[in-house]
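What follows is a set of notes on a single structure, which appears directly below.
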Ligand SMILES: [Zn+2]
Ligand SMILES: [Zn+2]
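Numbering (my numbering), first residue to last: 23 to 259.
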């Protein structure tokens with residue numbers, strides 16, 4: 023396999039991981055509190071690689087939760103456009119962006135770092151490998167995001183019949199916990215989406231290293247009840 027493809031795949035997976043852990047569980051749903059240094063590192067990485075600010079991503083995602091599967095949902099596959107949701111995450115995000123408060127202007131730092139990184143990769147690998155890397159990254163990252171949004175609202179079990187989305191347990195592993203999409207809509211602030219959630223051991227390890235503080239550790243908080251409820255409800259037959 024060309025080195026560009028390997029690096030593109032690794033970059034797509036790592037960026038999907040940062041999106042899920044920081045933008046989704048932390049910023050959009052407050053499942054944990056990050057150490058300020060970790061928040062700065064993950065937020066900086068997301069701005070440089072994805073090209074937008076994580077707070078805007080989280081705000082658009084909250085629109086999805088608020089209006090899921092209605093005409094105001096930024097990316098519902100149930101409104102006659104499953105392929106657009108599967109392949110057009112970037113387009114649908116750009117369309118929804120004006121509906122949320124604009125993120126704070128942060129200057130050209132992310133753009134400068136991005137240009138420097140591309141120049142470094144071109145110098146190290148050559149332009150062809152960098153083009154392959156860019157293409158594989160784009161298809162991989164947007165493919166994971168699109169699959170979560172499309173499949174999670176079309177197929178599977180519905181342990182929570184009154185809320186949107188479906189659960190397909192085995193998909194939780196490749197989709198970073200989102201196989202339990204119906205359970206996620208039922209308990210969006212849960213630290214753990216279900217028994218096969220691959221992000222959960224990572225969050226536990228980060229908590230043990232004091233990189234994050236899991237909300238479930240705060241006795242008596244609403245988030246604690248949410249975590250407990252999610253763990254038990256997703257285990258229903
Ligand atoms: Zn959803
Ligand atoms: Zn969510």
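Ideal Cβ placement from N, Cα and C applies to all residues, glycine included.
Identify, in the order they occur along the chain, each residue of the same chain with its Cβ nearer than 6 Å to the Cβ of residue 197, setting aside the five sequence neighbours on each side. If we look at residue 197 and ignore the five residues flanking it on each side, its Cβ neighbours are 170.
Hey, quick one: how far does the alpha helix (DSSP H) through residue 77 stretch, first residue to last? 76-88 is the span of the alpha helix (DSSP H), which, as asked, contains residue 77.
I need the DSSP call for residue 202, collapsed to helix, strand or coil. It is a strand residue.
Looking at residue 210 and ligand 2, is the gap between the Cβ and the nearest heavy atom below 6 Å? Within the cutoff, so yes.
Is it buried or exposed for residue 149, if we count other Cβ within 10 angstroms and need 16 for buried? Counting C-beta atoms within 10 angstroms of its own C-beta, residue 149 has fewer than 16 neighbours from the protein chains shown and is therefore classed as exposed.
Does the beta-carbon of residue 187, which I'm using as the reference point, lie nearer than 6 Å to any heavy atom of ligand 1? Distance from the C-beta of residue 187 to the nearest heavy atom of ligand 1 is below 6 Å.
Apply the 10 Å Cβ neighbour rule to residue 192 and answer buried if 16 or more other Cβ atoms are within range, or exposed otherwise. Per the 10 Å Cβ criterion, exposed.
Using a Cβ distance threshold of 8 Å, determine whether the segment 84-92 contacts the segment 126-139, with at least three qualifying pairs required. By the criterion of at least three beta-carbon pairs nearer than 8 Å, the segment 84-92 is not in contact with the segment 126-139.
Would the beta-carbon of residue 93 fall within 7 Å of that of residue 82? The answer is no: Cβ separation not under 7 Å.
Since residue 199 contacts residue 77 with CB under 8 Å, what's their CB separation in whole angstroms? By a beta-carbon distance limit of 8 Å, residue 199 does not contact residue 77. Their separation comes to about 21 Å.
In angstroms, rounded to a whole number, what distance separates the CA positions of residue 207 and residue 37? Between residue 207 and residue 37, the C-alpha separation is close to 23 Å.
Label residue 212 either buried or exposed according to how many other C-beta atoms from any shown protein chain fall within 10 Å of its C-beta, with 16 as the threshold for buried. Flag for residue 212 reads buried.
Cα-Cα separation between residue 61 and residue 103, rounded to whole angstroms: Cα to Cα, the separation comes out at about 35 Å.
As an exercise, report each continuous beta strand (DSSP E) stretch of at least 3 residues that is fully enclosed by the segment 98-180, in chain order. Runs found: none.
If you follow the beta strand (DSSP E) that residue 197 is part of, which residue opens it and which one closes it? Unbroken run through residue 197: none, as it is neither H nor E.
Taking only three categories from DSSP, how would you classify residue 190? It is coil, neither helix nor strand.
Using CA coordinates, which residue listed in 124, 106, 165 and 143 is at the minimum distance from residue 80? Checking every option, the nearest Cα to that of residue 80 belongs to 124.
By Cβ distance below 6 Å, which residues in the same chain neighbour residue 144 in space, the five residues on each side in sequence not counted? The beta carbon of residue 144 lies closer than 6 Å to those of 152 in the same chain, with the five residues before and after it left out.
How far does the beta strand (DSSP E) with residue 55 in it reach, from first residue to last? That run of the beta strand (DSSP E) goes 54-56.
What's the call for residue 26, buried or exposed, on a 16-neighbour Cβ count within 10 Å? It is buried - the Cβ of residue 26 has at least 16 other Cβ atoms within 10 Å.
With burial defined as no fewer than 16 other Cβ atoms inside 10 Å of the residue's Cβ, what is the status of residue 195: buried or exposed? It is exposed - the Cβ of residue 195 has fewer than 16 other Cβ atoms within 10 Å.
So, does the segment 164-179 touch the segment 131-140, judging by three or more C-beta pairs under 8 Å? With the rule of 3 Cβ pairs closer than 8 Å, the segment 164-179 does not count as touching the segment 131-140.
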